[in-house]
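Written below as structure tokens is the structure these notes are about.
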Amino acid sequence: MGSTRRLFQMAVAGGRVSAHCRWPMGAARRRGLSSAPLRCQIQTTELYRDEAIPLHKTERTVAEAHQELYKERHITVHACDDLFREWKRTRPGYKYVSEAGVSVPLSYIHTGLDRQAAADAPVVFALHGAPGSYREFDSLVPVLDAQGASVIVPTLPDLTFSMKTQSFWHSVEERTDLIRRFLKAINVREIDMMVAHSSSMYPMLHLAMHNSEIKINSLVFIAPSGCRMIRQMSPYWMMKAFDDWFRVPWLQKFMCGLAVYIVRVLGKPNNNEMKGTIVSMITIRNSRFDEAGAMVCELKRRGVPMLMLYGERDKLIEREVSEEMAAMMGVRPALMHVYRGKDDSEAVLEQSGKLDGNCEVVCFKQGTHYAFKKYPNVFNDIILKFWKRNQEARV
Numbered sequence: 031m032g033s034t035r036r037l038f039q040m041a042v043a044g045g046r047v048s049a050h051c052r053w054p055m056g057a058a059r060r061r062g063l064s065s066a067p068l069r070c071q072i073q074t075t076e077l078y079r080d081e082a083i084p085l086h087k088t089e090r091t092v093a094e095a096h097q098e099l100y101k102e103r104h105i106t107v108h109a110c111d112d113l114f115r116e117w118k119r120t121r122p123g124y125k126y127v128s129e130a131g132v133s134v135p136l137s138y139i140h141t142g143l144d145r146q147a148a149a150d151a152p153v154v155f156a157l158h159g160a161p162g163s164y165r166e167f168d169s170l171v172p173v174l175d176a177q178g179a180s181v182i183v184p185t186l187p188d189l190t191f192s193m194k195t196q197s198f199w200h201s202v203e204e205r206t207d208l209i210r211r212f213l214k215a216i217n218v219r220e221i222d223m224m225v226a227h228s229s230s231m232y233p234m235l236h237l238a239m240h241n242s243e244i245k246i247n248s249l250v251f252i253a254p255s256g257c258r259m260i261r262q263m264s265p266y267w268m269m270k271a272f273d274d275w276f277r278v279p280w281l282q283k284f285m286c287g288l289a290v291y292i293v294r295v296l297g298k299p300n301n302n303e304m305k306g307t308i309v310s311m312i313t314i315r316n317s318r319f320d321e322a323g324a325m326v327c328e329l330k331r332r333g334v335p336m337l338m339l340y341g342e343r344d345k346l347i348e349r350e351v352s353e354e355m356a357a358m359m360g361v362r363p364a365l366m367h368v369y370r371g372k373d374d375s376e377a378v379l380e381q382s383g384k385l386d387g388n389c390e391v392v393c394f395k396q397g398t399h400y401a402f403k404k405y406p407n408v409f410n411d412i413i414l415k416f417w418k419r420n421q422e423a424r425v
């Protein structure tokens, strides 16, 4: 309660936050995060399908011209009922959820359905970060689609949906359950390559590790959030207090206003879309990031092909966090592919790396958290080669 009082005192008095106020690394265990595998019950999913509608666009880039070939589809997936029945009584922040679960309307594209691909066509499944939408992959989708992949990309719920329903708070368990049920609903049982940006690495890892219903053959991490607490989550006491109080429905509007002040005082990066900044913080705080390293190491041991791409100028994920995760994949800096140059037009391969088994890491010296938008051709080429190489290896 003392931490919460300090939070509101700072909002009123304009106080500064001590740089020494950091959350100890062992805190994840004291927060009661389980290291046990996530266990999901098979449930009947309620679906409500709308007729597919064509995408509307205003800009005419090459990628978007391709994207006009794809239809935006809609489905409603019922999820999280097993989680909420228990959490409503036992987990802080879930007092107001519905024990019956939540019906989530999802928009998505499915290129295989658009061109009536064969039933055995390889599936590529991509997940945006928080916040985001399926449009994050406008450049990558047509490249993989042209090679015969059925590319599926959904748009996950945003903070507005959470505030409206009070029943989806972006924890890794909620996101994993929603994605699992979505894939089951559209009859996907095997994913040839799964691509995740930022914090979506966590549900991707849980699906790859703990879900026997869906087979995932290879993983691509784009600017992954890492396997330990990132610097942007400090001071942790403040982030925790903010998250706790944000779960109270009648405080949420005030907390959105307070977030503007906190971001300004602490100098946190944001895109001037405060709800996006809030959902990013809530998602990472509830991602069980402290368990991710063991999962990466285990997938490496199992021989699952993994590709990681990151930028050294990422303001959200510090370079050290990315290098630590690369090491878990068996790739030291000397073995990474390294590009310099500010965008596609100036990109030069400065260091040619090597595979460690079937794991590969690519570093962009001037890349940011959204480097795939500055270097779309380089990213697409690397991901396509990774996918083809592993396809051929399986054949």
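Numbering (the numbering used here), first residue to last: 31 to 425. The C-beta atom is built at its ideal place from N, Cα and C for all residues, glycine as well.
| Check | Outcome |
| --- | --- |
| Going by C-alpha distance, which of Val134, Thr141 and Leu189 is nearest Asp111? | Val134 |
| Using a threshold of 7 Å, state whether the C-beta atoms of Met359 and Cys389 are closer than that. | yes |
| Could you check whether His399 and Asp320 sit closer than 7 Å to each other, using their CB atoms as the reference points? | no |
| Would you be able to state if there are at least three C-beta pairs under 8 Å between the segment 107-121 and the segment 144-153? | no |
| Please name the residue, chosen from Ile308, Glu129 and Lys372, that lies closest to Gly159 on a Cα-to-Cα basis. | Ile308 |
| Give me, in chain order, the residues of the same chain whose beta-carbon lies closer than 6 Å to that of Phe409; leave out the 5 immediate sequence neighbours on both sides. | Phe402 |
| When the Cα of Leu235 is compared with those of Cys257, Lys395 and Arg315, which residue comes out closest? | Cys257 |
| Can you tell me whether Ser469 is buried or exposed, with buried defined as 16 or more other CB within 10 angstroms of its CB? | With the chain represented from 31 up to 425, any question about residue 469 goes unanswered, as that position is not in the structure. |
| Looking at Ser229 and Ile314, is the spacing between their C-beta atoms short of 7 Å? | yes |
| Using the beta-carbon count (16 or more within 10 Å), is Pro233 buried or exposed? | buried |
| Just reading off the alpha helix (DSSP H) that Met325 is part of, what are its end residues? | Ala322 to Arg332 |
| Pick out whichever of Leu329, Ser192 and Met263 has its Cα sitting closest to the Cα of Pro299. | Met263 |
| If Pro152 sits next to Gln421, beta carbons under 8 Å apart, how far is it from one beta carbon to the other, in whole angstroms? | 7 Å |
| Return the first residue and the last residue of the beta strand (DSSP E) that Thr185 is part of. | Ser180 to Thr185 |
| For my contact list, Gly397 and Gly341 are in at a C-beta cut-off of 8 Å; report their separation, rounded to the angstrom. | 2 Å |
| Helix, strand or coil for Arg362, going by three-state DSSP, please let me know. | coil |
| Leaving aside the five residues before and after Glu353 along the sequence, list all residues of the same chain whose C-beta is less than 7 Å from its C-beta, in chain order. | Pro363 |
| Three-state secondary structure (DSSP) at Asp386? | strand |
| Is it buried or exposed, Glu380, if we count other Cβ atoms within 10 angstroms and call 16 or more buried? | exposed |
| Check for me: the beta strand (DSSP E) holding Leu189 runs from which residue to which? | Not the beta strand (DSSP E): Leu189 falls in the alpha helix (DSSP H), residues Leu189 to Thr195. |
| Per DSSP, what are the beta-bridge partners of Gln381 in this structure? | Val368 |
| Exposed or buried, what is Asn247 when buried is set at 16 or more other beta-carbons lying within 10 Å of its beta-carbon? | buried |
| Which residue spans inside the segment 108-188 form an unbroken beta strand (DSSP E) run of at least 3? | 132-140, 153-157 and 180-185 |
| Looking at the structure shown, is Glu243 part of a helix, part of a strand, or coil, going by DSSP? | coil |
| Between the segment 237-246 and the segment 261-276, do at least 3 Cβ pairs fall closer than 8 Å? | no |
| Using beta-carbon positions only, say whether Gly123 and Arg277 come within less than 7 Å of one another. | yes |
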